[in-house]
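Worksheet for the structure shown next.
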Amino acid sequence: ARARREAKAAYKSVYLKGTVESRFLYATLLSTDLLPFGHLGYRLVVLPIEPEGDHYNLIDAHEARRRGFLNLARWLENVEHEWVKRRSAKAEQMTAIEWLDYRRKLTGRDPESKYRVIYPDVNRIMLACVVHSTEEIDINIGEQQVHAVAFATDYTTYGMETNSRDEAFFVCTTLNSSLIDHCLEPWRRRGQKAHPHVVKKIFDVAPIPQFDAANPMHRRLAELGEQCSTKVAQWLAGGGRGKTTSIGKLRGMVREMLENELKEIDGLVEEILG
11 ARARREAKAA
21 YKSVYLKGTV
31 ESRFLYATLL
41 STDLLPFGHL
51 GYRLVVLPIE
61 PEGDHYNLID
71 AHEARRRGFL
81 NLARWLENVE
91 HEWVKRRSAK
101 AEQMTAIEWL
111 DYRRKLTGRD
121 PESKYRVIYP
131 DVNRIMLACV
141 VHSTEEIDIN
151 IGEQQVHAVA
161 FATDYTTYGM
171 ETNSRDEAFF
181 VCTTLNSSLI
191 DHCLEPWRRR
201 GQKAHPHVVK
211 KIFDVAPIPQ
221 FDAANPMHRR
231 LAELGEQCST
241 KVAQWLAGGG
251 RGKTTSIGKL
261 RGMVREMLEN
271 ELKEIDGLVE
281 EILG
């Protein structure tokens, strides 16, 4: 239901129903699912990919049928049928599966990375969270619990992949600092009123250094990030959000809860950014 509400107008009426082999069921998060140091529930998605080393391989309907994945083949054929009716002029020469992997935004991901730091493509106040890529993910669909084979980053989010837990929390914590917003402020004023797509400017205007385990400030930021993430996860699990559904209000509630931690974080980030 959440996905259909947030879909582009041409796709709001699309409802695909069917059976797909479990090996193609992945978990993802949209930008509107992200909170500072946390996120709302995972979404289940069908992705025609298979992991191979440090990348994924794409499987089209023909290949799926050849290998006996008949359910996936039928699903992809239905997707292509809907895509042809609704695709934009920009994508009129591309199939659905080609658009899905445009600029290798899907197959270029590393399935072996242990942690992903993700942040939304559109935001008025910067935020980020850490996703443990290798954790077991079960998603409730109605009365049924479905196991996702892995986490896949959605195109509405940006981020980095790493195998270092400390590095992941260091970057996440730094991105949640109000100092990053201060650096981005001039860019947000330049024609970004309704849709502040400034994420690609973050590392230009705020030169976040490489994580240095020998630097006590870096280690402290990593510790704070892990502490804040645990606090947010416990708050969500305990029903802290109540009946609040507005993602903006939820983000504000989290920042208020983490007020003391964020003050310390801002002080440390000011030091490391110089």
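Add 10 to the 1-based position in the sequence shown for my numbering, that's all there is to it.
Beta carbons: idealized from backbone N, C-alpha and C, even for Gly.
Bear in mind that the values here come from a model prediction, so they are computed numbers and not experimental data.
Any non-hydrogen atom of the ligand NAP within 6 Å of residue i CB
i    : result
T167 : With respect to the ligand NAP, the structure shown offers nothing to examine, as it has no ligands at all.
Residue range of the beta strand (DSSP E) that includes residue i
i    : result
R53  : 53 to 56
E169 : In the sequence under discussion, the amino acid at residue 169 is Gly, which differs from the Glu named in the question. 167 to 172 is the extent of the beta strand (DSSP E) around G169.
I286 : The structure shown does not extend to residue 286, since the chain is modelled only from 11 to 284, so the question has no answer here.
Residues bridged to residue i (per DSSP)
i    : result
L45  : G48
V127 : V140, M170
P217 : Beta-bridge pairing links P217 to no other residue.
Y66  : P61
P156 : A small correction: the amino acid at residue 156 is Val; Pro does not occupy that position in the sequence shown. Paired residue(s): I149.
A37  : L54, F161
Whether residue i touches residue j by CB criterion (7 Å)
i    : j    : result
T29  : H65  : no
W7   : A99  : The structure shown does not extend to residue 7, since the chain is modelled only from 11 to 284, so the question has no answer here.
V56  : F34  : yes
T166 : L40  : yes
L50  : I59  : no
V125 : V140 : According to the sequence shown, residue 125 is Tyr rather than Val. Against a cut-off of 7 Å, the Cβ pair of V140 and Y125 comes out as a contact.
T38  : A162 : yes
I107 : D164 : no
R265 : P46  : yes
N88  : E31  : no
M170 : V127 : yes
A83  : R75  : yes
Y36  : A160 : yes
L246 : E271 : no
G63  : A243 : no
L26  : V156 : no
L268 : C238 : yes
P196 : P121 : no
M136 : L185 : yes
T105 : I257 : no
V24  : E73  : no
Where the alpha helix (DSSP H) containing residue i begins and where it ends
i    : result
A232 : 226 to 247
T183 : 175 to 185
V132 : Premise fails: V132 is in no alpha helix (DSSP H) and is neither H nor E.
K273 : 269 to 283
V89  : 80 to 96
E122 : No alpha helix (DSSP H) holds E122; DSSP gives it neither H nor E.
E73  : 71 to 76
L110 : 106 to 110
7 Å Cβ cutoff, residue i in contact with chain D
i   : result
G28 : Structure shown: chain D not included; a single protein chain is present.
I'd like to know if the region 142 to 161 and the region 186 to 195 are in contact, where contact means that at least 3 CB-CB pairs between them fall below 8 Å. no
inquiry  = Pairs of beta-carbons, one from the region 226 to 237 and one from the region 267 to 278, closer than 8 Å: are there three or more?
reply    = yes
Count the C-beta pairs between the region 218 to 228 and the region 172 to 181 that are closer than 8 Å, then say yes if the count reaches three, no if not.
yes
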